[in-house]
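*Asks:*
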Amino acid sequence: MSLAAAPRRVERAGSFDVGPIFFIGAVVVLAILVIVPLAWLGVISLQRVDVGGFTLGNYVDAFTKSIYLRPIINSFVLAASVATIAALLGTPLAWLIARTNLPGRKGLRALITAAFVTPSFIGAEAWILLAAPNSGWINRAIASFTHASHGPLNIFSLGGAIFVMALYNVPYTFTFVAGGLELLPTELEDASSTLGASAWRTMRSVTLPLVMPAIVAGFIMSFLEALAEFGTPAFLLIPARLQVVTTQLYLFFQFPVRTELAAAYAMPLIGVTLGLLLLQRRILGRRKYAVVGGKGGRRRLIDLGPWKWPLLGAALIVPMCSVILPYLALLATSLSHIWSEGPVPGNLTLYWYHWAIFDNAETRRAIFHSLSYGAAAATIATIVGFLIAYTANRRLFPGAGILGIVCMAPFVVPGIVLAIGIYAAYSHPPLVLYGTATILIIAFTTRFLPIAYSNLNTMVAAVNADLENAARTLGATRLRALRTITAPLLRRGLLASWLLVFIPSIRELSSAIFLFTPRTATMTTQIFDFTDAGNYEAVATLAILILAITIVIVSVAYRFLGKDFMETTST
Amino acid sequence: MARIDIAGLTKAYGKNGARAVDAIDLAIADGEVMALVGPSGCGKTTTLQLLAGFLKPDAGTITVGDRVVSSAKHVVPPEKRRMSLIFQSYAVWPHKTVFENVAYGLRVMRLGRSEIEDRTREVLRSVRMAELADRYPSELSGGQQQRVALARAVVVKPETLLLDEPLSNLDANLREEMRFEIRRIHDATGITMVYVTHDQTEAMVAADRIALMRAGKIAQVGTAHDIYEKPATAFVATFVGGTNTIPATLVEPHVVEVCGSRWRVRDDFDPAQRGPVTLCVRPHSVTFAAIGDDAVGYQENGHNRLSGKVLRQVYLGDSRDYLIDLGQTQIRVSAPPSEDRSVGSTVHLDVAVEACRIVPGD
Amino acid sequence: MTTRGTFVRSAAAVGAASLAAGAPLGALARRKNQVTDADVSKLYDAAKKEGKVVWWTGHYTQQAAEKIAASFKKKYPGIDVELLRQTGQVLFQRLTQDLKSNVHQVDVFASTDEAHMTILKKQNALAQFVPGDIDKIQKEYQHLDPDDTYQLGDIALMLINYNPKKLPAPRHWNDLLDPRMKDLISMGHPGFSGYVGNWVVAMNDKYGWDNYFKKLAANNPKIGRSVFDCTTDIVSGERVVGPGADSLALERKAGGNSIAIAFPEDDTILVTAPVTVMKEAPHPNAARLFMNYYYSKEYSETSVSTFNLPLRLDVAPATGVRVDRIRTYHVKIERLLVGIPEVTAKWRETFNV
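Protein chains in written order, with the numbering used here: chain A, 1 to 571; chain B, 1001 to 1362; chain C, 2001 to 2353.
#1: Could you have a look at D1025 of chain B and say whether DSSP puts it in helix, strand or coil?
#2: For the beta strand (DSSP E) containing N1101 of chain B, list its first residue and its last residue.
#3: Sort out for me which residues DSSP pairs K2052 of chain C with in a bridge.
#4: Residues in the same chain with beta-carbon distance under 6 Å from P119 of chain A, minus the five sequence neighbours each way, listed in chain order, please.
#5: Can a CB atom of chain F be found closer than 9 Å to the CB of N469 of chain A?
#6: Which word fits L195 of chain A, buried or exposed, when buried means at least 16 other C-beta atoms lie within 10 angstroms of its C-beta?
#7: Would a check of beta-carbon distances place K2222 of chain C closer than 9 Å to chain A?
#8: Is the Cβ-Cβ distance between A110 of chain A and N169 of chain A less than 9 Å?
#9: Is the CB-CB distance between P1166 of chain B and I1191 of chain B below 9 Å?
#10: Could you pull the start and end residues of the alpha helix (DSSP H) that I2234 of chain C belongs to?
#11: Between the alpha carbons of G141 of chain A and H2189 of chain C, how many angstroms are there, rounded?
#12: Note the first and the last residue of the continuous beta strand (DSSP E) segment covering G2256 of chain C.
#13: Runs of 4 residues minimum, wholly inside the segment 232-257 of chain A: which ones carry the alpha helix (DSSP H) assignment?
#14: Buried or exposed: N2220 of chain C, going by 16 or more other Cβ atoms within 10 Å of its Cβ?
#15: Would G493 of chain A pass as an interface residue toward chain B - the criterion being a Cβ-Cβ separation below 9 Å?
#16: I need the straight-line Cα distance from P1158 of chain B to A452 of chain A, nearest angstrom please.
#17: At the 9 Å Cβ level, is R2239 of chain C part of the contact set with chain A, yes or no?
#18: Expressed to the nearest angstrom, what Euclidean distance is found between the alpha-carbon atoms of H1095 of chain B and L467 of chain A?
#19: Within 9 Å of any Cβ in chain A, is that where the Cβ of E1079 of chain B sits?
#20: In the segment 122-135 of chain A, which residues sit with their C-beta less than 8 Å from some C-beta in chain C, listed in chain order?
#21: Using a C-beta to C-beta distance shorter than 7 Å, which residues of chain B count as neighbours of R472 of chain A?
#22: Could you spell out the range, first to last residue, of the alpha helix (DSSP H) harbouring I2155 of chain C?
#23: State the start and end residues of the unbroken beta strand (DSSP E) segment that holds T1160 of chain B.
#24: Restricting to Cα atoms, I'd like to know which of A:W127, A:L542, A:G179 and A:A443 is closest to S157 of chain A.
#25: Under a CB-based cut-off of 9 Å, is R480 of chain A close to chain B?
#26: For the candidate residues C:A2286, C:R2288 and C:V2331, whose alpha-carbon lies nearest to that of V2271 of chain C?
#27: With a threshold of 9 Å between beta-carbons, can S2305 of chain C be considered close to chain A, or not?
#28: Between Q280 of chain A and I32 of chain A, what straight-line distance do the alpha-carbon atoms span, to the nearest angstrom?
#29: How big is the Cα-Cα spacing for L2248 of chain C and S2258 of chain C?
#30: So, is H1074 of chain B buried or exposed, given that buried needs 16 or more other C-beta atoms within 10 angstroms?
#31: Can you check DSSP and say which residues form a bridge with G2242 of chain C?
#32: Which first and last residues belong to the alpha helix (DSSP H) in which L130 of chain A is found?
#33: Flag A114 of chain A as yes if its beta-carbon sits less than 9 Å from any beta-carbon of chain C, otherwise no.
#34: Taking the CB atoms as reference points, tell me whether L236 of chain A and T382 of chain A lie closer together than 9 Å.
#35: If contacts are defined as beta-carbon pairs under 8 Å, then A264 of chain A and S45 of chain A qualify, I think. What distance do you get, rounded to the angstrom?
#36: Output the distance between the C-alpha atoms of G297 of chain A and E189 of chain A, rounded to the nearest integer angstrom.
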């Protein structure tokens, strides 16, 4: 057979390019998810209550009354403290685990991952069981020891809230810094020591500055999370007589509902978040700290010598407080008839598990909802994120990069504020979604789209465009090339992105709390309801169930994807 | 097979940016191998991307046969241009076997299973990759991957084959082999080929004609012989083959004043033109004259004579490389290894008038 | 009657025309729209054809509501009960949105706030209906709405919860101001809980803010969100006493916990909540049958079995103490609408949260 060129071919009938439709579809979905709610939020904040018409009165009200200003200050103090402590705890932990021969490193990593998947408000509940001033088990134990009237710990305090929130924010700093340290070749540090610097000095003047971008990224992440947190402040700070912005927003939604005031109150939160992210870019932009690409250099672990065991003990304190003690407390409570009597023989029972899984249709439905909404949100976010990442990366049309920014926009909006925007946008004709599963799925998708997008963006950028272009020169349309070449190559990344949306969706409370109704309750809203009714046993049982499901899913993921899929990319 | 006509093709960086490709015209004959050569940033890759349809021109047109495939208004998308592309990075898909890589284009064309099977196996045989059909690219060497890319590109019987630095990532002996492979395919199929490279030797070996590009414009188009022997500018002269460039002044037709003496040169400009020009002399066209004669400038024996001092010499095995100081300028001389002059000694050099070319003062 | 805390509403109370003194109508005189026994069997026949009734209630816990639904189905087989149970505010939001979109899916709506009914009545969304046994409930609440667009659906009491092992039974609300109560009190928050809001308005109106709450603040009470936080804290041992509802405390007591309720001599605060049939109910006959059932003996008995108060006076409550036999104070709806925001603001100043 000769390889002579064939005569010119007739174009195949019916082979019109569906590609543009998909991309336009992704853009439309993006608009629904992100642009409309945020726009509504802005519009509503300027509306007169009930009457309609424009006014700046909401902003005046929101920011001149001292009862509204105090929560703002409280929020910032809380967020700054949480972020600082999380960074102070996370950085040495990361160094110990990523750079030294600390025994049990693998186990510690697993424990830190367990902290990552634990919703902070469940941790708060557990710590109430442990450290409520009179009834907390730790306090009771200490009190009976010292014969005092009550124990020394009071979880219902600013310190208590900072403690709990910091514990569950440590994973952020840890992940970023550990990731950064792992890519740092040892040669850089060797250079310092050959010049005579001690290990400590090397750490301080070489290692630390080089991972500073990661520390800053972790700090900012923790700050934003703490600013947007609703559950823990609701549980721990109200008794401490401290309102924060999120609980205040919640109050605005009680009768009489003042959406307009809430919207005005919420807007600056967006401004602050945006400002912080820009600041981060500025701080990090000036010094070129390209984390040395790929797996840099040989990595020799630092020998801790005799300090191994004491440092292990110190390192264990964090997971002890964030995972071991709380999970034990929850487990014990879930197995008790009456939790206040403690996990003593005679009080032990499997009743609550039976009730949650078999008897209580509500709870079963809530579990199902959590999983299905999470799955739906993860799927939509991954697809949209992928298409947009592709569109932006390959510059399908001028200004495509803006789509990337829109995808990241929800990142600057605290969950509870986003929920308000979504509520405002989709609670009246023509699109009434309030009370449906759809609105919750929209909330979760929007909230976590930035994670999926930034992850996929990095991955798409790493795929050489030549690979797709080669397919196109062979007659494949862009969409076909995307489907047969790019997507299969990114299989692992797509799955990782899916999980990175699924897991936070399961533990999401602050946006769900506004948008759910009994028919669409999730596990987290159920837990919240049960705490209000004081049914701690049910709370603990559900909490253990959520944790168990999440840990199973994460373990399976680890098996298939390797240990580094949880490393969220820094913005 | 197709003839390609590029007319006034322009592409700028950004809005008011510099032009990557600046209103170039090029005609490529049906079945020709045309090389686009030039230093990095000269616009050759951008031209190839425009040819392939990945970029839209800001002005100008690209016509294949009798249809306009690219213009400022409309670009036929790559999948409809029937131009295969061989990439510098091979772009062989890591998640598909060799067979699946090559069969891809045929599958897109919706051919029958047995036809796909047959054609794929045949082309794999022709590039000697048949036994490796079930391997994955990660199991292949660079040369093997490039052969897969070649097979994949030609199995669909394209009208044109575009090659973007296809050999840069290969080591020296593989390059030799692949050059042969590419040429063989061309000879067997008569496909029109456009070959981008920064290596002028490669261009001279592989192509029928060479288009030398610089800063977005075509400096010269011609056969290797044309370009080497009759460079149009000093840039062309120095790019292909390496040459000495000596500033001179044209005082009469065929006569320049250089280094204080008069030389005869080969080229003819506009007989009325005078003024600064650049004199190009290839290093190996300069020979050492017998020591003794002191005269410089044009000698009536068809040679120009010059004298200078040896600044440096390097023994390279099959030649000696000299750097000679002529007073106002320095030149390189490539002499047979037996010519051994010591550093610092004064030497006389002869260069034939035929080897003295002038190009416009650059 | 118990309500989950999360979205528990503030402005809830029946205020309307109280005909406690000098009711112009005799107890046996029929009101317009009041149902007769003959009507009931006609309703039942028609309801069977409709097949089900959609009931939205904020009054009970899920389990309690399911029990009521089951008891209805037992009395009236052939009619399914589609139950939606959530806090009043959430239900109200959904209902208003449905009405805006002209969606009519609710038959019987039992909110926790009479204020909701005021709004719905203005929108002309409510049907007029009077259950046949309306005269079996406490006289004061037989005419919540002069136009009979809604009736009493539920009663709850705010009284004192305490741990009998740690404290003798308190007798007055003022007992909570005693310095010996320092660090022992737990309560909810009027901004988060309608019941707590109701109680705060009552205390404010009875004693004045400074006399009551400023002094209460000196005792460092633990402040939570829901009306049940007090009960929960007593059960857990975290605190010892506080203003709370009756139902959850009774339930916990029956479960063996160390908790009891006390009826203050300076008035138990009585909170009322309404129930209505929607005008555009998709199953109008079943709706009326169901609302009529509210006033039946079976309904009241089922309520009692879940530690809620019976509507009917001829059914004994769990405590054995009939509601009309204790000293109660009831905040009128007009007062509540204004009072709750007012006291919430004062609360923020006094308690800082």
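For each residue, glycine too, the CB sits at the ideal point set by N, CA and C.
*Replies:* Quick look at the numbers:
#1: strand
#2: Unbroken run through N1101 of chain B is the alpha helix (DSSP H), V1098 to V1108; no beta strand (DSSP E).
#3: C:D2080
#4: R507
#5: Structure shown: chain F not included; protein chains present are A, B and C.
#6: exposed
#7: yes
#8: no
#9: no
#10: D2229 to S2236
#11: It is Ala, not Gly, that sits at residue 141 of chain A in the sequence shown. Distance between the alpha carbons of A141 of chain A and H2189 of chain C: 31 Å.
#12: G2256 of chain C -> no beta strand (DSSP E), and no H or E assigned at all.
#13: 245-252
#14: exposed
#15: no
#16: 39 Å
#17: yes
#18: 11 Å
#19: yes
#20: A132, P133, N134 and S135
#21: P1078 and E1079
#22: First-last for I2155 of chain C: Q2151 to Y2162, but that is the beta strand (DSSP E), not the alpha helix (DSSP H).
#23: T1160 to D1164
#24: A:W127
#25: yes
#26: C:V2331
#27: no
#28: 29 Å
#29: 13 Å
#30: exposed
#31: C:N2161
#32: S120 to A131
#33: no
#34: no
#35: 4 Å
#36: Because the pLDDT at G297 of chain A is just 47, under 50, the model does not fix this residue reliably, and the point stays unresolved.
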